[in-house]
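Data block below; observations after.
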Amino acid sequence: MATRSALDRPTVDRPLRWLTAVALAVSAYLHWDLAASPYYADGQVTLSGLFLAQAVVAVVVAVWVAVRAETLAVLAALAVAAASLLALVLSVYVRLPSFGPFPVLYEPVWYGEKVAAAVAAAVATVTATAALAARRTIRSR
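If you're matching positions, the sequence shown starts at 2 in my numbering and goes up one per residue.
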């Protein structure tokens, strides 16, 4: 008997993974929209460069978690979403110094796209966590 691919196999966490993918895609779009050149200046990556990198990683992980029912994909989505949310919140409330090639991360204001990015990252974090919990529940039965 042939085995079905992870894409075809019904899983209880599929809706959660798809919601995670959509939330990551929204986050990627918002970061892409905010990224304006230059991406690298004076020996440092600019905030625009960080936004562009986050957008690319979020798109790759969003596609991965949407099409593959793998725990590693869900863990990657959780890591990307949680890191994005943490960086965003810290950039508002804490003046993070520059280190290595990275710029100072401090922008103590909330505006529409920033709030939307925070919501998207929070949704992706919660849905990825729920997908992992659903996987553990199924395995423990």
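All residues carry an ideal CB built from backbone N, CA and C; glycine is no exception. No experiment lies behind these values; they were computed from the predicted model shown.
Which residues mark the beginning and the end of the alpha helix (DSSP H) in which T21 is found?
-> Segment R15 to L35, the alpha helix (DSSP H) holding T21.
Which whole-angstrom value is the C-beta distance of A56 and A125, which I expect to be below 8 Å?
-> Actually they do not touch by this definition, with Cβ atoms about 14 Å apart.
Rounded to whole angstroms, what's the CA-CA distance from A7 to L17? Just pull it up for me.
-> A caution first: A7 carries a pLDDT of 49, below 50, which makes its placement in the model unreliable, though a value can still be read off. Those two C-alpha atoms are separated by around 15 Å.
Pick helix, strand or coil for V116, following the three-state DSSP scheme.
-> Helix, per DSSP.
Do three or more CB pairs link the segment 88-102 to the segment 62-72 at distances below 8 Å?
-> Cβ pair count under 8 Å is below three, so no.
Would you say V66 and A78 are within 8 Å of each other, going by their C-beta atoms?
-> Against a cut-off of 8 Å, the Cβ pair of A78 and V66 comes out as a contact.
Sequence-distant residues of the same chain with beta carbon closer than 7 Å to L97, five excluded per side | Beyond the five residues adjoining it in sequence on each side, L97 comes within less than 7 Å, by CB distance, of L91, V105, L106 and Y107 in the same chain, given in chain order.
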